[in-house]
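Written out below as structure tokens is the structure these notes cover.
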Amino acid sequence: MFELGNSLREARIRQSLDYPQVELATKIRAKYLRALEDEAFEILPSETYVKGFLRSYADFLGLDGQLYVDEYNSRYGSERAHEERSRRARVHQDRGLERKVVLVALAGIAALTALVIAAWKFGGSDTPAVVPRAVKAPKARPALVLRGIGRGTYVEVHRNAATGRLVLAATVGRGDVQRLAGSRFWLDIRRSGGLAVTLNGHPVSLPARKNLRVLVTPTRTALTSG
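Here this note's numbering is used: the first residue of the sequence shown is 2, the next is one more, and so on.
Below is the structure:
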């Protein structure tokens with residue numbers, strides 16, 4: 002057993018490298034490099050990112066990348082996997098609650114309609130006719146919908162901005178559908194051609210790039226740097 006973060010930091014310092022140099026060479030953002038050295042793995046989007054970045058960073062420093070991945074698996078792998086399963090379960094529970102709210106609202110509308118019809122049909126002839134007030138159906142909540150149309154697209158979704166709360170980090174396969182309530186999101190998409198995106202029922206036109214980061218709102222879709 003050895004210390005993952007300290008050994009990476011010592012190897013970088015021995016080679017007189019700073020974070021911007023390593024970021025440029027490995028394409029790994031500096032905040033993730035620092036997280037690896039601090040063993041703050043929860044900062045990275047998913048366990049897949051942790052293992053990939055560990056291997057790439059260690060190999061770049063002339064170390065055995067697979068050895069670092071194996072050490073991570075033995076110490077943290079099962080714990081991180083459990084956290085990700087729990088997060089996915091919470092997302093499914095949120096969607097189930099949304100469906101229940103809609104069903105209750107529709108049941109209430111149906112019951113009110115039945116009462117109005119019964120009152121009109123069986124009411125006394127001397128009673129003035131009661132004109133029922135129009136009942137408005139509940140407005141659909143704004144939502145971002147991701148549909149898989151390719152062999153698999155990894156997507157990371159934050160609310161409002163890149164620094165906002167992470168609400169989804171998953172691979173969307175062909176036929177998969179992810180629905181997130183809200184109207185403003187920041188997306189990090191890998192292989193964007195495999196993903197169809199709508200916001201509030203309207204298609205979102207993604208820039209023609211394989212990998213991209215975009216801010217999506219009801220009024221615009223804009224490329225961002227991170």
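We put the beta carbon where it would ideally sit given N, CA and C, even for glycine.
query                                                                                                                                          : result
Quick one: is T128 buried, meaning 16 or more other Cβ sit within 10 Å of its Cβ, or exposed?                                                  : Note that T128 scores 49 on pLDDT, short of 50, meaning its location in the model is unreliable; the coordinates nonetheless yield the value given after this. Its Cβ having fewer than 16 others within 10 Å, T128 is exposed.
DSSP three-state call for T172: helix, strand or coil?                                                                                         : strand
Using the C-alpha atoms, what's the distance from R221 back to T27?                                                                            : 32 Å
So L62 and A12 are in contact, right, with Cβ under 8 Å, and what is the actual spacing, rounded?                                              : 4 Å
Pull up the distance between the alpha-carbon of R10 and that of L18, whole angstroms please.                                                  : 10 Å
Identify whether A182 lies in helix, strand or coil by the three-state DSSP scheme.                                                            : strand
For a test of the three-state rule: what should DSSP assign to V146, helix, strand or coil?                                                    : strand
Ignoring anything shorter than 3 residues, give me the beta strand (DSSP E) runs that lie fully in the segment 6-81, in order along the chain. : none
First and last residue of the beta strand (DSSP E) that includes R160?                                                                         : T154 to R160
Nearest by alpha-carbon distance to L188: which of D177, G165 and R175 is it?                                                                  : G165
Identify which residue in V198, V117 and L169 has its Cα closest to the Cα of G176.                                                            : V198
Between the C-alpha atoms of L45 and V156, what's the straight-line distance to the nearest angstrom?                                          : 13 Å
Mark T225 as exposed unless 16 or more other C-beta atoms lie within 10 angstroms of its C-beta, in which case mark it buried.                 : exposed
Which residues does DSSP pair with T222 in a beta bridge?                                                                                      : V217
Kindly indicate which residue of N201, K140 and V117 has the alpha-carbon position closest to the one of V103.                                 : K140
Per DSSP, D177 is paired with what?                                                                                                            : Note: D177 sits in no beta bridge, so no partner.
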